[in-house]
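>
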Amino acid sequence: MMRIEARSPGNQTCENGISMDLFLHLSLVPALLIMAVLSFLQRRDRLTALDSKVPVLRGHFGIVVPLDLIGSLSNRWSYGFAFGAISSSVMLLFSEAYLPFHVPAWAKAIVYLVGALEVGLAYFPFFACLSTPFRAVGAVLGFLYTLVWVIVTLWDTVTCPAGQVLGRYQKPVLQWPCILCLVFLLGRFIHMLVKAVRIHLELEGAEDQEQLMQTHQAQYVQTLLRHPSQRELEKNWFQRKVYTWDPHFKFPNRMIGTSIISLIGLYIMTVADYSLSDYTFDSLDVMKESLEDLVISCNLTEHAIAAWVLQLDEFTRVARVAWLATTIFASLTSVSYTFHVLVCYRKHLKRLWAGQKHFLPEKYHNPSSAVSVAAIAKYSGWQIAFTMWGYLIIHFVQFLFALLIAYLLVLPLQHGQGLALLSNLGFILLTLGLVMALVTLQLILVQAFFLQDKISPTDKHKPLALNNRRAFHNFNYFFFFYNVIMGLSNCILRLLTSCVVGTWLVSRIDRTIMQRGYESLDPGYSTWIGMIFADHYHGNPVMICFCHLLLVESLQRQRVTLMYSQFNNISAVPKVGNRARFRWLLFYTLMKNPKLILLRKRHATFGHTPLDTVALACVLTTQIGGAQMELDPPTLTGLPGTHPMVD
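What follows is the structure in C-alpha cells.
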C-alpha cells in the first residue's frame, strides 16, 4: 500500500492528489490516538506512585498487546487477513525500497529500522482493535481506521493504476490481495460491533473468555488415554500421500500470518518477475534486430558477426521459453514449500510432545531459553525473506537446468543431429552403466563370498562377519586401484549434488543445508529449532491440561473453604496439620512406588546418606519379580479410593 514511483505510458508522472508515502506518515497520528484510547481503557495490575498523585491515571494506560504470537488461538484468520493487508508494505521493506529519509550509505541500517518501526506503528491499530477486550470500542476505531485505508488505497489504485514494472495496470494487479484483506477486516469489525451491541442489549450472551485449555487440546489428551487400536482410522489416498487433517491441532497466529504474507509475496514477486523478464527479452530482440540491420547495411553476411547474430536469436528464443517454464515451476515449488513448512511444524511439534528428539541434531536437544524466545520474534520475518530469496535462487537454478537440457537434447534434435545425439547419449549411458555395474559387482561379490551365512533363516541380512579372509584381502588389494579412479568422479558428483540440493532447499527453514556437525552455522535452522521448542514448552496439551486441572481443583477448594467459613461465620484459616498430611501422602506414594525414591531431588549439602542405600535395596527388591512390570505401563498407585496416576 506504499507506492513505488509510478509513471503512465506517456512517461508522465501520474498525479491523483494522493501520495501513499505521505499518507503513511500522516496515518501515524490516528494510529497513535487509537493506541492512546486503547491504552487508557486497559487496566494495569500494579499501581505506581504517580497514580496516587494523578487520580485520572489511577490504573489506566496499560500496555496494549496487538496480538499474541505464542499461546493465543482465537481470531487466527482475522489476524491472518490483517497480515495480508500489510503484505505489500512488507514486500517494500524486503526490497529495501522504502526510505523515510535520506542518509549516508553507512547509516542505512538505522533508516531501515526507523522505516520498519513506522510501518509497524501505522498498521498497529489493525491488530490492536482485533485483540482488545473492549470489543465495541475496538470495533468502531478499527472500522473507521480500516475504512480510511480502503478508500485511500482504492482511490490511488483506480486513479493511478500504471507503474514502471507492470505497465498500465500495475497497481490493480499487485494490490488486489491487500485490498481484499482490508475489505475482510471491514466486515470483521462490523461483525464485532453488531455482536457487542447485541450483548449490550442482552439479546445475546456475553462472549466466553479464552480459556487456558482449548477444546482441541482436551480432545488430544483424550486420544492419548485411549487404546492405540481405537486411534487408527482408515486413510484415503489424499491423506496417505498429500495431507492428513488433524482436528486436534491448530496452527498459531504466527504460522498462519507468515504463510499468508509468503503466498501474497510469492504472487507479487512472480508477477514482477514475469514482467521484468518479458521486458528484458524484448530488449534483447530489439538489440538483435539492430544487429541484423547493421549486418545487412554493411554487407557483413559472410562475417562472423552474422553467425553470432543467429546464435543470439536462437538463445533469445530458447531463454524466453525456458524462463517462462521455470517461472511456473519455481512458483509451484515455493508455494508447496510454504505449505510443507506447516506440515513439518505440526509433525515436529507432535514429536516433541511425545518426547521424541531423535530427529534433531544432538546439540539442539536442549537449546537455551534466550535463543528459543528470540526465535519467536525472528521466525516470521526470516521465513518470509527465505521464501522470497529461495524463489529467486530456485528459479535461476531451474533456468540453468532448462538451458542445459535445451542445448544438449532439444536443439540437436531440431537441427537434424539426432544420430550424433544418440551416439553421444549412448556413450555416456554405457560409461555410467559400466561404472554402476562394477560398483554393484563389488557388492554382489561381498554378499556372495565374503560374508558368513545367516544365523537364522528368518534374518533379512547376513551378519557383519567376514568369510574367506584370504580371498577378501586379494579382492581388496586389486580393487584399491580402481576405487582411486572412482573416487575422483564421486567427489565431483558429491559436490554437484550438495550444490543442487542446497540451493533447492534454501527456502526450507525447517531443514538445515549444512553437513552434520555444522548445523550451528545455519542461523535459519537454529531459529526454527528455537521456535518449535518455545511452542512446545508453552503449548504442550498435556502440560496445559495438567495446569488446567490444578487450577480448577484449587478454585474449587477456595470456593468450598469460602462457603464453609461464611456458613460458620468464621474466617478461613488453613489447618495446622497440612504439613503432616503432605508428608503422609508423600510417604504412602513412595512406599507404593519405590522407584520414585531414586528420582527425588536432594540438597547438595546432604550428600550420600544411609537412607539412600536402603532406598536402593528397596527398589532392587521390587525389581526381582519385575518381568510383568517391564511389560505393563508403569503406574503411580494413589491413596485408597483414588484413581491411579499413569506415569
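Under our numbering, the first residue of the sequence shown is numbered 159, with each subsequent residue one higher. A virtual CB, placed ideally from N, CA and C, is assigned to each residue, including glycine.
Among the candidates S247, V187 and S289, whose CA atom is the shortest distance from the CA of S236?
Translated into positions along the sequence shown, residue 236 becomes position 78. For the residues S247, V187 and S289, the minimum Cα distance to S236 belongs to S289.
> Would you identify the three-state DSSP class for G513, choosing helix, strand or coil?
Reading the sequence shown from its first residue, position 355 is the one you call residue 513. The answer is coil: DSSP assigns G513 none of H, G, I, E or B.
> Could you check how far apart the C-beta atoms of L561 and A477 are, in whole angstroms? I think they sit under 8 Å.
The residue you call residue 561 lines up with position 403 of the sequence shown. The residue you call residue 477 lines up with position 319 of the sequence shown. The Cβ separation is near 7 Å, so the contact holds.
> Helix or strand or just coil, what does DSSP make of L622?
Numbered from its first residue, the sequence shown carries residue 622 at position 464. In the structure shown, L622 sits in coil (DSSP, three-state: anything other than H, G, I, E or B).
> In terms of alpha-carbon separation, which member of M701, I244, G238 and V195 lies closest to G220?
On the sequence shown, residue 220 is found 62 positions in, with the first residue counted as 1. Nearest C-alpha to G220: V195.
> Under the DSSP definition of a beta bridge, which residues are partnered with G609?
Counting from one through the sequence shown, the residue named residue 609 turns up at place 451. Gly is not the amino acid found at residue 609; the sequence shown has Leu there. In the DSSP assignment, the residues bridged to L609 are L624.
> What residue range does the alpha helix (DSSP H) around L562 cover?
Counting from one through the sequence shown, the residue named residue 562 turns up at place 404. In this chain, the alpha helix (DSSP H) harbouring L562 covers S527 to I563.
> Let me make sure I understand the geometry here. Which of I486, C502 and S527 has the alpha-carbon closest to that of H553?
The count along the sequence shown starts at 1 and reaches residue 553 at position 395. Cα-wise, what sits closest to H553 is I486.
> If we require 3 or more residues per run, which beta strand (DSSP E) segments fall completely within the segment 389-460?
none
> Could you compute how far the alpha carbon of P755 sits from the alpha carbon of L708?
Start at 1 with the first residue of the sequence shown, and residue 755 comes out as number 597. Start at 1 with the first residue of the sequence shown, and residue 708 comes out as number 550. The residue asked about is misnamed: residue 755 is Ile in this sequence, not Pro. Their Cα atoms are separated by approximately 24 Å.
> If you follow the alpha helix (DSSP H) that F301 is part of, which residue opens it and which one closes it?
As a working mapping, residue 301 is identified with position 143 in the sequence shown. R293 to T317 is the span of the alpha helix (DSSP H), which, as asked, contains F301.
> Taking 8 Å as the threshold (C-beta atoms), are L227 and P410 in contact?
The count along the sequence shown starts at 1 and reaches residue 410 at position 252. The count along the sequence shown starts at 1 and reaches residue 227 at position 69. Closer than 8 Å, so yes.
> My output table needs one value for G584: the three-state DSSP class, helix, strand or coil.
In the sequence shown, residue 584 corresponds to position 426, counting from 1. Three-state DSSP puts G584 in a helix.
> Please classify F396: is it buried, with 16 or more other beta-carbons within 10 angstroms of its beta-carbon, or exposed?
Numbered from its first residue, the sequence shown carries residue 396 at position 238. The residue is exposed, with fewer than 16 neighbouring Cβ atoms inside 10 Å.
> Helix, strand or coil for G645, going by three-state DSSP, please let me know.
Looking up residue 645 in the sequence shown gives position 487. Note: G645 maps to helix in three-state DSSP.
> Give me, in chain order, the residues of the same chain whose beta-carbon lies closer than 8 Å to that of F439; leave out the 5 immediate sequence neighbours on both sides.
Numbered from 1 along the sequence shown, position 281 holds the residue referred to as residue 439. Same-chain partners within the cutoff: T474, A477, R478 and W481.
> Residues bridged to G682 by DSSP?
Here residue 682 is taken as the residue at index 524 of the sequence shown, counted from 1. Paired residues: none, contrary to the question.
> Do you know whose CA, among M594, S684, F284 and T206, lies nearest G298's CA?
Taking the first residue of the sequence shown as 1, we reach residue 298 at position 140. The identity of residue 298 in the sequence shown is Val, whereas the question assumes Gly. If we check each option's Cα against that of V298, F284 comes out closest.
> Report yes if the CB atom of Y109 is closer than 8 Å to the CB atom of M689, and no otherwise.
No information on residue 109 is available, as it lies outside the stretch 159 to 805 that the chain covers here.
> Which residue's Cα is closest to the Cα of K446: A430, L434, N625 and I463?
Counting from one through the sequence shown, the residue named residue 446 turns up at place 288. It is I463.
> Three or more C-beta pairs under 8 Å: does that hold for the segment 515-522 against the segment 696-704?
Counting Cβ pairs under 8 Å, fewer than three are found: no touch.
> Have a look at the DSSP bridge pairing and note the partners of G591.
Start at 1 with the first residue of the sequence shown, and residue 591 comes out as number 433. DSSP lists no partner for G591.
> Below 7 Å CB to CB, which residues in the same chain sit around A376 once its five sequence neighbours on both sides are set aside?
Numbered from its first residue, the sequence shown carries residue 376 at position 218. Here the set comprises C703.
> Nearest to G296 by alpha carbon, out of C339, L344 and R384?
Residue numbering aside, residue 296 sits at position 138 when the sequence shown is read from its first letter. Measuring from the Cα of G296, the nearest candidate turns out to be L344.
> Going by the beta-carbon positions, is the gap between S806 and L424 smaller than 8 Å?
Shown here, the chain extends from 159 to 805; a query on residue 806 therefore has no answer.
> Leaving aside the five residues before and after L279 along the sequence, list all residues of the same chain whose C-beta is less than 6 Å from its C-beta, in chain order.
Within the sequence shown, residue 279 is the residue found at index 121, counting from 1. Correct list, in chain order: L186 and A189.
> Could you confirm whether any beta carbon from chain B is found closer than 8 Å to the beta carbon of F608?
The question asks about chain B, but that chain is absent: this structure has only one protein chain.
> For I807 versus F241, is the C-beta spacing smaller than 8 Å?
The structure shown does not extend to residue 807, since the chain is modelled only from 159 through 805, so no value can be given for it.
> Secondary structure at G576, three-state DSSP: helix, strand or coil?
What you label residue 576 is simply residue 418 of the sequence shown in a count that begins at 1. In this structure, G576 counts as helix in the three-state DSSP scheme.
> Quick check on G325: does DSSP put it in helix, strand or coil?
Within the sequence shown, the letter at position 167 stands for residue 325. Residue state, collapsed to three classes: strand.
> By Cβ distance, which residues of its chain are closer than 8 Å to I650, with the 5 residues on each side in sequence left out?
Counting from one through the sequence shown, the residue named residue 650 turns up at place 492. Cβ within range, chain order: n/a, list empty.
> So, is C346 buried or exposed, given that buried needs 16 or more other C-beta atoms within 10 angstroms?
Locating residue 346 in the sequence shown gives position 188, where the first residue counts as 1. In the sequence as displayed, the identity of residue 346 is Arg instead of Cys. When all chains shown are included, R346 counts as buried.
> Would you check if the segment 565-575 and the segment 450-459 touch, i.e. whether three or more CB-CB distances between them fall below 8 Å?
no
> Measuring only the C-alpha atoms, how far is A267 from C705?
Walking along the sequence shown from the start, residue 267 turns up at place 109. Walking along the sequence shown from the start, residue 705 turns up at place 547. Distance between the alpha carbons of A267 and C705: 44 Å.
> Does DSSP put N634 in a helix, a strand or coil?
Here residue 634 corresponds to residue number 476 of the sequence shown, with the count starting at 1. N634 falls in the helix class under three-state DSSP.
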